[in-house]
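Q:
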Amino acid sequence: MLNYQADPELLRNKVILVTGASDGIGKEAAWTYARHGALLVLLGRSQNKLDRLAAMIQHETGVSPVVYALDFLTASPQEYHQLAEQLSSTFHRLDGLLLNAGILGTLGPIEQADPAEWQQVQQVNVTSTLLLIQALLPLLRRSPAAAILFTSSGVGRRGRANWGAYAVSKFATEGLMQVLADELATTHIRVNAINPGATRTAMRAKARPDEDPGCLPTPAALMPVYLYLMGNDGRSVHGQSVDAQPPRNG
Ligand code: NAP
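Per my numbering, residue 12 is the first one in the sequence shown, and the count goes up by one each step.
1) Take residue 257 as the anchor and find which of 165, 19, 186 has the nearest alpha-carbon.
2) Would you say the beta carbon of residue 220 comes nearer than 8 Å to a heavy atom of the ligand NAP?
3) Just the Cα atoms here: how many angstroms apart are residue 251 and residue 93?
4) What are the residues that DSSP puts in a beta bridge with residue 252?
5) If we count Cβ pairs, one from each stretch, closer than 8 Å, do we get three or more for the region 70 to 89 versus the region 161 to 175?
6) So residue 215 and residue 227 are supposed to be a Cβ contact under 8 Å. How far apart are they, rounded?
7) Using a Cβ-based criterion (distance less than 8 Å to any ligand heavy atom), does residue 241 qualify as near the ligand NAP?
8) Once DSSP output is grouped into helix, strand and coil, what is the label at residue 74?
9) Less than 9 Å between the C-beta atoms of residue 12 and residue 160, yes or no?
10) By a C-beta neighbour count over all protein chains shown, 10 Å radius and 16 as the cutoff for buried, is residue 25 buried or exposed?
11) Rounded to whole angstroms, what's the CA-CA distance from residue 128 to residue 207? Just pull it up for me.
12) Report all residues from its chain with a CB closer than 6 Å to the CB of residue 140; omit the five preceding and five following residues, and keep chain order.
13) If we count the other Cβ atoms within 10 Å of its Cβ and call it buried at 16 or more, is residue 23 buried or exposed?
14) Considering only C-alpha positions, which residue in the set 114, 35, 67 is nearest to residue 46?
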């Protein structure tokens, strides 16, 4: 899967929504899916950044993505349903959902964790994915073959000191993925999680300011796994948590 080479037409005419599409891994995934023929819905909190990305995608592919700004920290369940209604009238169905948006919060020991920030991290990293899935499942059910991809982390599989709210949110993400995968086991909707691994983005720079970003893979290096699990070649994979890069030395 790590060396997967996707057919350039892999995602032709598939409707794919990417959250956190304005930056980092989500931005790269949106570009990559668009280059493989997908019709993109770019979701994030920064209208300006999403508009800029949409213009670049339109320029390169000739196809204009739909841009939808929503702040996962403050959006109500009703706002998620309004998004679903708009997509239903534009596309009628959804073939792919990449749940990628996330925040790190403040790293530090559990003893010192700020309860208000703890809830914010869970809201953006976990509860928003529940609300999106609840709103969008009817659209995903209309697809002949749909894929939901959660975004996990190494600290969501094995706890690590000082990663507090973020690590716990990623454990919850793994749990939500497994429960949903079991519930949808007999449907045509497959559900998996991707662990990107340490990647050269703003979030990683915030988490590890001591690290040389030049030593880390770029988001582009992860895309074989993002393509494989989103496209029909990955249709036999369900309920799995998959690494997007090989284990690092040391
Ligand atoms: P990033 O560069 O910081 O990008 C995060 C994205 O999430 C941005 O598009 C951001 O929007 C969006 N976002 C943040 N808060 C939001 C909110 N309240 N409402 C809506 N959107 C919001 O992070 P990244 O490194 O690409 O991370 C992407 C995913 O991979 C995350 O789930 C992260 O936990 C996971 N991950 C990353 C690494 C790594 O090393 N980079 C490792 C393991 C897992 P703005 O542009 O408006 O800020």
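C-beta atoms are modelled at their ideal positions from N, C-alpha and C, and glycine is treated no differently.
Nothing here was measured: the structure is a model prediction, and the numbers come from that model.
A: Taking the coordinates as given:
1) 165
2) no
3) 30 Å
4) In DSSP, residue 252 forms a bridge with 204.
5) no
6) 7 Å
7) In terms of side-chain proximity, the C-beta atom of residue 241 is found no nearer than 8 Å to any non-hydrogen atom of the ligand NAP.
8) coil
9) no
10) buried
11) Cα-Cα distance, rounded: 24 Å.
12) Contacts found: 110.
13) exposed
14) 67
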